[in-house]
Amino acid sequence: MSNKDKQNDDVAAMEKIVSLCKRRGFIFQSAEIYGGLNGCWDYGPLGVELKRNLKEYWWRRNVQERDDIVGLDGSILTHQEVLKASGHVGGFSDPMCDDLLTKARLRADQIEPQSGTVLNFTGASHAESDFSIEREFAVLIREGEDENKARKTAKSYYSQFLKDGRISPKTIELQGERAEEVTDTIRFNPATGSLLTEAREFNLMFQTTMGASAEEGDENAIAYLRPETAQSIFVQFKNVLETSRVKLPFGIAQIGKSFRNEINPRNYTFRSREFEQMEIEYFCTPEQGMELTDYWLEERLSFYEDIGLPREKLHVLDVPDGERAHYSKKTYDIEFEFPFGIQELEGVAYRTDYDLSKHMEKSGKSLEYFDEATKTRFVPHVVEPSAGCDRTILAMLCEAYDEETITNDKGKEEMRTVMRFHPRMAPIKCGIFPLLKNKPELVAKAREVQKMLTPLMNVFYDESGAIGRRYRRQDEVGTPYGVTIDFDTLGEEGPELKDTVTLRERDSMKQQRIAIADLPMFLLEKIR
RNA sequence: GCGGGUAUAGCUUAGUGGUAAAGCUCCAGCCUUCCAAGCUGAUUACGUGAGUUCGAUUCUCACUACCCGCUCCA
148 MSNKDKQNDD
158 VAAMEKIVSL
168 CKRRGFIFQS
178 AEIYGGLNGC
188 WDYGPLGVEL
198 KRNLKEYWWR
208 RNVQERDDIV
218 GLDGSILTHQ
228 EVLKASGHVG
238 GFSDPMCDDL
248 LTKARLRADQ
258 IEPQSGTVLN
268 FTGASHAESD
278 FSIEREFAVL
288 IREGEDENKA
298 RKTAKSYYSQ
308 FLKDGRISPK
318 TIELQGERAE
328 EVTDTIRFNP
338 ATGSLLTEAR
348 EFNLMFQTTM
358 GASAEEGDEN
368 AIAYLRPETA
378 QSIFVQFKNV
388 LETSRVKLPF
398 GIAQIGKSFR
408 NEINPRNYTF
418 RSREFEQMEI
428 EYFCTPEQGM
438 ELTDYWLEER
448 LSFYEDIGLP
458 REKLHVLDVP
468 DGERAHYSKK
478 TYDIEFEFPF
488 GIQELEGVAY
498 RTDYDLSKHM
508 EKSGKSLEYF
518 DEATKTRFVP
528 HVVEPSAGCD
538 RTILAMLCEA
548 YDEETITNDK
558 GKEEMRTVMR
568 FHPRMAPIKC
578 GIFPLLKNKP
588 ELVAKAREVQ
598 KMLTPLMNVF
608 YDESGAIGRR
618 YRRQDEVGTP
628 YGVTIDFDTL
638 GEEGPELKDT
648 VTLRERDSMK
658 QQRIAIADLP
668 MFLLEKIR
């Protein structure tokens, strides 16, 4: 298969997943009836169950089943000083500019300063076709480069304004050429020498005004929607330390919404403007930092496997020097093979003592830790496993989606769509079906089973349509088990089968007989 | 943000300058003893706003959203 075909297949796969998510109530576009809100998504009845299962499992694994991590739920509205200290105000923006010739987009702060001769032009014309344009353009000639190459670049730039495609760019005449020496400029694309647009600042934080009567332009009233949950953990570090009787190393965990004014939301829910994070700030001594970063990488990888993301589709990127945040000594990105590419799910970063030190400096409050054993006082270092909750949901949806061709009793081939969620993540754990709805005894018994299981897990009762149809409906939403109450259950086929039901497994479609009394244990073991 | 594409029912698609068709789904009923059976019936759509026109879902423009590429991140 060619790359193009594969790409088309991946786009088609993604479209099917998006369609199913809407059709079955996993994910809707935010404010859909008003035309949608760019980069925002709502979770429907099944989506919210899936998301709760993920968050609750993450919380159980990382907080409740460990004695070295405690939880926090910080406010989303954030004091501006917090984000000034963290560097988000001012620093949390990407100055961008575009290559006027190739339209390539570049980060202005990542352009290497260059020196050389600049050829400026005021416009161009083409005598035979009456074409002329007044528009400034410039090309940088770097050392050792030919100035004719620069003119060629300029002609190619002006040729995009030609209406007649048959005119060769070579025959254009450049106007107002003027040479100029420049040093350390970042106004030109290093790859092409072409002039760039002015850098535009995109502040990625949502700003708001606190207080209903706050006046326009009142600097003190500015607050922000947090761009990450981490900062409230650092800011509350001292309170947690003093109230929780924790000792280093220990962590503070938080799950919550964060907001980034993304320039370009993309790939369904992958890059949203409002998104949920699952973060741990694991505090330690400077000596422990590197080792704990490796520890948390493994810990997190095993978590993803335990929610049904196969290890082969998880990739670890050891972020090289120069690409990490300046305060990070080590960063691993955990990436997943999405249909639209290998993309980041989580970053495990050793952030040193950067954050606590900054807040200590800015607030003037000590955020130091006193080690009783060594009688030393220091600012703890921190390792941060920061996971994208919505991204993990998307990964689970992509991984679960499957279509299989099966041959039915009549020898006809048909397609079965099935979401192969891990049972502990599945929104609905078990479907409950009376074989026939017009037999009151079956319905009554099925309702009894429903009543028994409801307090233990999310189950779904369905009596409409043929039994096969009900199975398939549940396949499509990823329900791992279905039980069917039939005449055997009522004891009509003999006392030994009384109070047993058919248990049907989603992935294999295999059926087995099980006593109703054994259902809770059987199911709980699978979904725990 | 730039470039390209798309927008008709819950989904997948027809179609037209005189307000729309089908399949599947869904709902109700009948029937039905384990994998989307059958029959009957019902609900539901031209993304938004302007313009041209007697009349626009159709033509034009703008906007919005989504998809693809560049780019970026949890």
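Each residue of the first sequence is one higher than the last, beginning at 148 in our numbering. Glycine residues also receive a C-beta, built at the ideal position from the N, C-alpha and C atoms.
For Asn267, does the three-state DSSP call read helix, strand or coil? Reduced to three states, the DSSP call for Asn267 is strand.
Less than 9 angstroms separating the beta-carbons of Leu650 and Gly625? Not closer than 9 angstroms, so no.
Are there 16 or more other CB atoms within 10 angstroms of the CB of Phe533, so buried, or fewer, so exposed? Going by the sequence as given, residue 533 is Ser instead of Phe. The residue is buried, with at least 16 neighbouring Cβ atoms inside 10 Å.
In angstroms with no decimal places, state the Cα-to-Cα distance between Met352 and Arg420. Distance between the alpha carbons of Met352 and Arg420 is about 10 angstroms.
Which whole-angstrom value is the C-beta distance of Arg564 and Leu167, which I expect to be below 8 angstroms? It is worth fixing the name first, because residue 564 is Thr in this sequence and not Arg. With a contact defined as Cβ atoms closer than 8 angstroms, Thr564 and Leu167 qualify at about 7 angstroms.
Three or more C-beta pairs below 8 angstroms linking the segment 425 to 436 and the segment 530 to 550: Yes, the segment 425 to 436 is in contact with the segment 530 to 550.
Tell me, please, whether the segment 567 to 587 touches the segment 518 to 528 by the rule of three or more beta-carbon pairs shorter than 8 angstroms. Taking a cut-off of 8 angstroms on C-beta distances, the segment 567 to 587 does not touch the segment 518 to 528, as fewer than three cross pairs fall below it.
Cα-Cα separation between Thr521 and Phe384, rounded to whole angstroms: So the alpha carbons of these two residues sit roughly 21 angstroms apart.
In terms of alpha-carbon separation, which member of Val382, Glu283, Gln659, Arg471 lies closest to Leu343? When only C-alpha atoms are compared, the closest one is Glu283.
Is Tyr501 near the ligand ZN, judged by its Cβ being under 8 angstroms from some heavy atom? Of ligands this structure carries none, so the ligand ZN is not represented either.
Which residues in the same chain as Asn371 place their Cβ atom closer than 8 angstroms to its Cβ, once the five residues preceding and following it in sequence are excluded? Going by the sequence as given, residue 371 is Tyr instead of Asn. Around Tyr371: Leu224, Thr225, Gln227, Leu230, His235, Val236, Met352, Phe353, Gln354, Thr355.
Can you give the Cα-Cα distance for Met562 and Glu546, rounded to whole angstroms? For Met562 and Glu546, the distance between alpha carbons rounds to 18 angstroms.
Sheet register partners of Ile632 (DSSP bridge): Under the DSSP definition of a beta bridge, Ile632 partners with Pro581.
What did DSSP end up calling Lys522 once you bin it into helix, strand or coil? Coil, per DSSP.
Please state if the CB of Lys592 and the CB of Leu637 are separated by a distance shorter than 9 angstroms. Cβ distance < 9 angstroms, so Leu637 and Lys592 count as in contact.
Would you mind sorting Val158 into buried or exposed? The rule is 16 or more other CB atoms within 10 Å of its CB. Residue environment analysis places Val158 among the exposed positions, since fewer than 16 neighbouring C-beta atoms fall within 10 angstroms of its C-beta.
Apart from the five residues on each side of it in sequence, which residues of its chain come closer than 8 angstroms, Cβ to Cβ, to Asp331? If we look at Asp331 and ignore the five residues flanking it on each side, its Cβ neighbours are Pro260, Gln261, Ser262.
Taking DSSP as the reference, what is the three-state secondary structure of Cys187? It is coil, neither helix nor strand.
Phe487 by DSSP, collapsed to three states: which one? Phe487: coil per DSSP, three-state reduction.
Taking the straight line between their C-alpha atoms, what separation do you get for Glu179 and Lys169? Going from the Cα of Glu179 to the Cα of Lys169 covers about 11 angstroms.
Report the CB separation of Phe483 from Lys460 in whole angstroms; it is logged as a contact under 8 angstroms. Your pair Phe483 and Lys460 checks out as a contact, with CB atoms roughly 6 angstroms apart and the cut at 8 angstroms.
From what residue to what residue does the beta strand (DSSP E) around Ser405 run? Unbroken beta strand (DSSP E) run through Ser405: 397 to 406.
Output yes or no for whether 9 angstroms exceeds the beta carbon distance between Thr318 and Glu275. Glu275 is positioned such that its CB atom lies closer than 9 angstroms to that of Thr318.
Identify the continuous alpha helix (DSSP H) that holds Met357 and give its terminal residues. It is not in any alpha helix (DSSP H) - Met357 carries neither H nor E in the DSSP assignment.
Threshold first: 3 residues or longer. Then list the beta strand (DSSP E) segments lying entirely within the segment 602 to 654, N to C. For the segment 602 to 654, whole beta strand (DSSP E) runs of length 3 or above, ordered along the chain, are 606 to 608, 628 to 632, 647 to 652.
First and last residue of the uninterrupted beta strand (DSSP E) at His226: That run of the beta strand (DSSP E) goes 224 to 226.
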